[in-house]
Each structure stands twice: as C-alpha cells, then as structure tokens.
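Visitor:
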Amino acid sequence: MHVERLELGPLRAVSYLVWDVPDRAVLIDPGDEPQRVLAWIQRHAVRPEAVLLTHAHFDHVGGVHGVVETLDLPVWLHPKARPVYDRAASAAARWGLFIDPPPTAPLKDLGEGPLAVGPGFEVLHLPGHCPGHVAFYHAAAEAVFSGDLLFAGGVGRWDLP
Numbered sequence: 000m001h002v003e004r005l006e007l008g009p010l011r012a013v014s015y016l017v018w019d020v021p022d023r024a025v026l027i028d029p030g031d032e033p034q035r036v037l038a039w040i041q042r043h044a045v046r047p048e049a050v051l052l053t054h055a056h057f058d059h060v061g062g063v064h065g066v067v068e069t070l071d072l073p074v075w076l077h078p079k080a081r082p083v084y085d086r087a088a089s090a091a092a093r094w095g096l097f098i099d100p101p102p103t104a105p106l107k108d109l110g111e112g113p114l115a116v117g118p119g120f121e122v123l124h125l126p127g128h129c130p131g132h133v134a135f136y137h138a139a140a141e142a143v144f145s146g147d148l149l150f151a152g153g154v155g156r157w158d159l160p
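Taken in order, the sequence shown gives residues 0 to 160; the numbers are from numbering that gives the first Met the number 0.
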C-alpha cells in the first residue's frame, strides 16, 4: 500500500492519497485547497476512485467541491456527518475563511465494516470529535486514518459540534 500525506490550509488538516494499484486510489479528507490537491494527485499519476471523509468539519471538506467537480468522484461519509457537512461553508465563515459549499451529490453512506472502494479498508465508526466521525483501518498495512481523532502526543478535540 502506498500512502502520501499533505498538510493543507490554515488549520493544517492532513489529507491522504492511498493506493495499492494506481487506478484504485482513494483521497481521504481533501482539506480546503482543491487546486493543491489536484496538482498533488497529478504528480503521483494515480486515479482516485472516491473521496473518503473521516468527518465533515470544514477544514477536511472544503476541497471536496473542486476535487469532485474536476475528477467526477463519489464522496463517502457517515450519514450522521451529513448535517455538519451541509453547514461546512457557514462554519468556515465563522472562522473568517471561505470554502465552496461541498456538493450534495454524489454522496454515498459509510457504514461500519469492509469498504467497497480503495485498497481494502475497514470502516470504524468513532464518534466523539464530530458526529459521524469514522476511521479507515487497513489490517495488512497496520494503518489507521482517523482524521482529527488522534494527534501526536494527545487526542483530538472532542468539544466541537
């Protein structure tokens, strides 16, 4: 499994490009700089088949519109994350930031268990930081992609809506 990491935006959200074969890549949490993300994908010469969201805070979903519009990808998120996803642009504005509202389609619901796209992830529902927060676990690679659930030296914030 190949993993590339990119920090994005003023809040330094981390996006991941993950693949086992180039045409089965997934983009996890595209951050809020879609043009940087698109250039990054092109540099790695992979073709994502989906955008996966660990949670729907604006710093993780702000780039969804630009990426999905350019690459025509489905977006996977937990159904309980949908209200936060739908309010992402207004939440960013409260921080003095602008993002394009994330698209309402094509959205696919994430549930716990094996994921049908990408290199063989299992979806774990881990609410606490945000409603509908999930992690993507890959047993063979001993890897977990958890959004803002864990930080170096501590845990993620749990006091945000």
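Where a beta carbon is used, it is the ideal one built from N, C-alpha and C, also for glycine.
1. Buried or exposed for SER14, please, with buried defined as at least 16 other CB atoms from any protein chain shown within 10 angstroms of its CB.
2. Are the beta-carbon atoms of GLU48 and ALA24 separated by less than 8 Å?
3. Restricting to Cα atoms, I'd like to know which of LEU125, ALA44, LEU52, SER89 is closest to LEU106.
4. For TYR84, list the residues DSSP reports as bridge partners.
5. Identify, in the order they occur along the chain, each residue of the same chain with its Cβ nearer than 8 Å to the Cβ of LEU159, setting aside the five sequence neighbours on each side.
6. How is the alpha helix (DSSP H) around GLY23 delimited, first residue to last?
7. Please state whether DSSP places PHE135 in a helix, a strand or coil.
8. So what does GLY112 bridge to, in DSSP terms?
Guide: Quick look at the numbers:
1. Of the residues assessed, SER14 falls on the buried side of the cut-off, its CB having 16 or more other CB atoms within 10 angstroms.
2. Closer than 8 Å, so yes.
3. For the options LEU125, ALA44, LEU52, SER89, the alpha carbon positioned closest to that of LEU106 is the one of LEU52.
4. Under DSSP, no beta-bridge partner is assigned to TYR84.
5. Low confidence applies to LEU159: its pLDDT is 49, below 50, so where it sits in the model is not reliable, and the reading given next is rough at best. Closer than 8 Å at Cβ, skipping near neighbours: HIS56, HIS128, CYS129.
6. Looking at the sequence itself, residue 23 is Arg, so the reference to Gly does not match. Run containing ARG23: none; DSSP gives neither H nor E here.
7. If DSSP states are grouped into helix, strand and coil, PHE135 belongs with the strands.
8. Answer is VAL122, bridged to GLY112.
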